[in-house]
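Sequential numbering of the sequence shown, starting at 115, is according to my numbering.
Built from N, CA and C at the ideal position, the CB exists for glycine as well.
Below is one structure, written out as structure tokens; comments come after it.
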Amino acid sequence: MKIVVFIKEIPISNHVKIDPETNNLIRSGVRGRINPFDEHAIETAVKLKEKFGGTVSVVSMGPDSFKLSLHEALATGCDEAYLLSSRAFAGSDTLATAYTLAQAVRKIGNVDLILTGLKAIDADTGQVGPLIAEELDLPQITNASGIVDLDTVNQTIDVKRHLEVDQEVIRVSYPLVMSVGDEINKPRYLSPLLIKQSMQKEITVWNEGDLHCDLDRIGIKGSPTIVTESFVPEESVRQMTMLEGSPMEAAEALLAILSDKHII
């Protein structure tokens, strides 16, 4: 089985820089980490490889600094890593990003399963996985919470999904695109030795020429989304009142305060 996992690196700090011309986040030089949902996608891929065999390729898009996250994915058990990096990709919205990632799938070739995290916690859109499926004209499963069965003979996969008030198990033929939630597994612990060993592995870097991209579909030019304004919310200082006395007296005082403010 040939699996591709897409990961995104998100900033660790809230103190990020914004491009004054495009209002987009400047990711170059910003310390980051693997998006938490993508860690579950990596774990899903590696577990499938361990049980059914095959290879796992991990792919990310961004500046050269993203290689650290790719090395971490290699330490988890992925076999090869690709970084899609070029100034031409800068400013991509979810549509342009999905097109670029789909081009990477086409270049890798003969992919059975494409995995993404449910969403990135910085943008919180959850759009990239479904857009990749649309671009590649593949079936998709969203918000996967468990893999029930995988039939390598008939090339089908049974996946559990959690809905708002219920859950379902659906069977889909692969190749397909699947986005996973954080309920699907618990990412494994990485020892310092595994991380050190992964740093010796090579990461392949591809640009728009390597991927044969349509230049009208990448970067800002290929992004219909326009960011009109970006700002950091101001921190507000709130007043705290300590309620004295016994628990009963404190509860009565709290009720009086809430009543005075017409909250209850």
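Suppose the cutoff is 7 Å on Cβ atoms and the five residues either side in sequence are ignored; what does the same chain contact list for residue i look like?
i	result
Lys-233	Phe-151, Thr-239 and Gly-240
Ala-210	Arg-331, Ile-332, Gly-333, Gly-336 and Ser-337
Leu-357	Ala-364, Ala-367 and Leu-368
Using beta carbons (cut-off 8 Å, strictly below), is residue i in contact with chain D?
i	result
Ala-364	Absent from the structure is chain D; it holds one protein chain and no more.
The beta strand (DSSP E) spanning residue i covers which residue range?
i	result
Arg-275	270-276
Leu-227	227-231
Leu-369	Taken as a continuous stretch (DSSP letters only), Leu-369 belongs to no beta strand (DSSP E), being part of the alpha helix (DSSP H) at 361-374.
Glu-157	Here Glu-157 belongs to no beta strand (DSSP E); instead the alpha helix (DSSP H) covers 150-166.
Ser-174	169-175
Glu-194	194-198
Pro-253	It is not in any beta strand (DSSP E) - Pro-253 carries neither H nor E in the DSSP assignment.
Phe-423	Any question about residue 423 goes unanswered here, given that the chain covers just 115 to 378.
Lys-116	116-120
For the alpha helix (DSSP H) that residue i lies in, which residues bound it at each end?
i	result
Glu-248	242-250
Thr-214	208-222
Ser-183	181-190
Suppose the cutoff is 6 Å on Cβ atoms and the five residues either side in sequence are ignored; what does the same chain contact list for residue i look like?
i	result
Ser-183	Glu-123 and Ile-148
Asp-236	Ile-124
Lys-315	Leu-188
Leu-304	Ala-189
Short of 8 Å in beta carbon distance, which residues of its chain neighbour residue i, apart from the five on each side in sequence? Order them along the chain.
i	result
Gln-217	Leu-325, His-326 and Cys-327
Thr-266	Met-115 and Phe-166
Ala-370	none
Gln-311	Ala-189
Restricting to Cα atoms, I'd like to know which of the options is closest to residue i.
i	options	result
Gly-205	Leu-227, Arg-352 and Met-175	Met-175
Val-341	Ile-271, Gly-168 and Asp-207	Asp-207
Glu-153	Phe-120, Lys-116, Ser-179 and Gln-281	Phe-120
Met-292	Ser-350, Pro-177, Gly-231 and Val-351	Gly-231
Val-172	Pro-244, Glu-194 and Lys-375	Glu-194
Leu-372	Thr-355, Thr-169 and Gly-359	Thr-355
Quick one: complete beta strand (DSSP E) runs, 3+ long, within the segment 266-351? 270-276, 281-287, 290-294 and 317-320
With a threshold of 8 Å, are at least 3 pairs of Cβ atoms found where one atom belongs to the segment 180-200 and the other to the segment 311-325? yes
Is there contact here, the segment 254-270 with the segment 297-305, by at least three beta-carbon pairs under 8 Å? yes
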